[in-house]
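Protein chains in written order, with our numbering: chain A, 1 to 155; chain B, 1001 to 1165. C-beta: ideal position from N, C-alpha, C; glycine also. Being a predicted model, the structure only gives us computed values, none of them experimental. Worksheet for the structure shown next.
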């Protein structure tokens, strides 16, 4: 199991691509971002981007899925206090396939909660042409191995 | 009142509220954030959260839905009155996102949006950048979500048929 101590500043990781279809884009949009450019191939009414594009938050959620599968699934993850920045760099369209690249930008102990540490990640989602579509800087909390990992919690 | 020039810093809109159920918390987590404390009551009870809680991105997504629907209601009113409607988008991004408290099963979160900055865009004369803070607060008034969201908003044409000359 991956614990706080296993994250080394400067380490990089890459995770297998996740494809996105027109149906995926419309399904997410219908539930969470019902704007014409995310729902309808022909709609460009009241928007400045042509054609069907994915909701930015949909790309963020795909990023989360790749991050959870690649890094958090077998870890002492204790969730996240927040995200410093997300930049939407290019539109994502049906048929795109997105790869997650992650760099460990920082790691520090928590003064108030000695059972955990904070890891700062800098990540990108890139499409099949190797063009970045999303950039994120976020902090996550992980249980420390020396205190029994994430299950100890408030205990 | 939807063009960049019509917007005012400090303008606040209550966009709607939502009660999070266990089923939808688990369904969202299975799709996008499969961590034990979002998927399984027992695992969540043994975690530092103490009980099943929503993925932070689930809260963000429900907030976005309410922001979008509130805007669409406003645009529908404008169209009904025959007024022109400004084009918006895309968004260059989000920053300063915080989840100060978990959203637990049964929590009702009230979402709001407030304009915090209106910035001209040096490279483009046709749009301005609106920076708004989106927030969610639970039934006890405690903040559970906060983010700064940027969106390009169309400016009024400089000289639409001479009307503003």
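| request: Assign residue 1108/B to one of two classes, buried (16 or more other C-beta atoms within 10 Å of its C-beta) or exposed (fewer than that). | output: exposed
| said: Can you confirm whether residue 148/A, when its beta carbon is compared against all beta carbons of chain B, has any partner nearer than 8 Å? | reply: Note on residue 148/A: pLDDT 46, under 50, position unreliable in the model; the coordinate value appears next. Output row for residue 148/A: interface = no.
| request: Specify, as a first and last residue, the run of the beta strand (DSSP E) that residue 108/A falls within. | output: 97 to 109
| field | CB contact check: residue 22/A to chain B, cutoff 8 Å | value | Closer than 8 Å: no.
| query | Would you say residue 1018/B reaches chain A, if we count a Cβ-Cβ gap shorter than 8 Å as a contact? | reply | no
| residue 87/A versus chain B: which residues are under 9 Å apart at the beta carbon? | 1092, 1093, 1094, 1095
| query | Using the C-alpha atoms, what's the distance from residue 79/A back to residue 1148/B? | reply | Rounded to the nearest whole angstrom, the C-alpha separation of residue 1148/B and residue 79/A is 20 Å.
| message | Nearest by alpha-carbon distance to residue 950/B: which of 1143/B, 1085/B, 1093/B is it? | response | With chain B covering 1001 to 1165 only, the question about residue 950/B has no answer from this structure.
| query | How do the segment 1122 to 1131 of chain B and the segment 1020 to 1033 of chain B stand: do at least 3 beta-carbon pairs fall below 8 Å, yes or no? | reply | Touching, no, given that fewer than three Cβ pairs across the two stretches are closer than 8 Å.
| query | Terminal residues of the continuous beta strand (DSSP E) containing residue 1020/B? | reply | Element bounds for residue 1020/B: n/a, residue is neither H nor E.
| Between residue 155/A and residue 117/A, what straight-line distance do the alpha-carbon atoms span, to the nearest angstrom? | In this prediction, residue 155/A scores a pLDDT of 30, lower than 50, which makes its location untrustworthy; the coordinate-derived value is nonetheless stated afterwards. So the two alpha carbons sit approximately 17 Å from each other.
| query | Under a Cβ-count criterion, where at least 16 other Cβ atoms within 10 Å of its own Cβ denotes burial, should residue 1114/B be classed as buried or exposed? | reply | exposed
| message | Counting only C-beta atoms, is residue 160/A closer than 8 Å to chain B at any point? | response | Residue 160/A lies beyond the range of chain A shown here (1 to 155); nothing can be said about it.
| Beta-carbon neighbours of residue 1035/B, restricted to chain A and to distances below 7 Å | By Cβ distance, chain A contributes 68, 72, 77.
| query | If we ignore side chains and look at the alpha-carbon of each, how far apart do residue 8/A and residue 1007/B end up? | reply | 46 Å
| field | Bridge partner(s) assigned by DSSP for residue 77/A | value | 142/A
| query | Excluding the five sequence neighbours on either side, which residues of its own chain have a C-beta within less than 7 Å of the C-beta of residue 1145/B, listed in chain order? | reply | Only 1059, 1060, 1063, 1099, 1135, 1136 meet the Cβ criterion.
| message | Measuring alpha carbon to alpha carbon, tell me which residue in 1054/B, 1153/B, 1071/B is nearest residue 1018/B. | response | Checking every option, the nearest Cα to that of residue 1018/B belongs to 1054/B.
| task | Consider the Cβ of residue 40/A: report whether some Cβ of chain B lies at a distance smaller than 8 Å. | result | no
| message | Just to make sure I have the definition right: I need the residues of chain A whose C-beta is within less than 7 Å of the C-beta of residue 1056/B. Which are they? | response | 80
| query | Looking at the structure shown, is residue 112/A part of a helix, part of a strand, or coil, going by DSSP? | reply | coil
| Would residue 1/A be called buried (16 or more neighbouring beta carbons within 10 Å of its own) or exposed? | exposed
| Below 8 Å between beta carbons: does that hold for residue 134/A and residue 14/A? | no
| Where residue 1064/B meets chain A, residues with beta-carbon distance less than 8 Å | 32, 33, 55, 57
| query | What are the start and end residues of the alpha helix (DSSP H) that includes residue 1079/B? | reply | 1056 to 1080
| Of the choices 1095/B, 1124/B, 1120/B, 1142/B, whose alpha-carbon is the least far from that of residue 1111/B? | 1142/B
| field | Opposing strand residues paired with residue 1053/B [DSSP bridges] | value | 1104/B
| query | What is the C-beta distance between residue 25/A and residue 94/A, in whole angstroms, given that I count them as a contact (C-beta under 8 Å)? | reply | 6 Å
| C-alpha distance - residue 1116/B paired with residue 1071/B, whole-angstrom precision | 17 Å
| said: Judging by CA-CA distance, which residue of 55/A, 103/A, 29/A, 19/A is the nearest neighbour of residue 157/A? | reply: With chain A running from 1 to 155 in the structure shown, residue 157/A is simply not present.
| field | Sequence-distant residues of its chain with Cβ nearer than 7 Å to residue 19/A (five each side left out) | value | 97
| request: Can you give me the Cβ contacts of residue 146/A inside the same chain, cut-off strictly under 8 Å, excluding the 5 residues immediately before and after it? | output: 5
| query | Is the CB-CB distance between residue 42/A and residue 91/A below 8 Å? | reply | Not in contact: residue 42/A and residue 91/A (Cβ atoms no closer than 8 Å).
| message | Looking only at its chain, what residues have a beta carbon closer than 7 Å to the beta carbon of residue 1073/B, apart from the 5 residues adjacent to it on each side? | response | none
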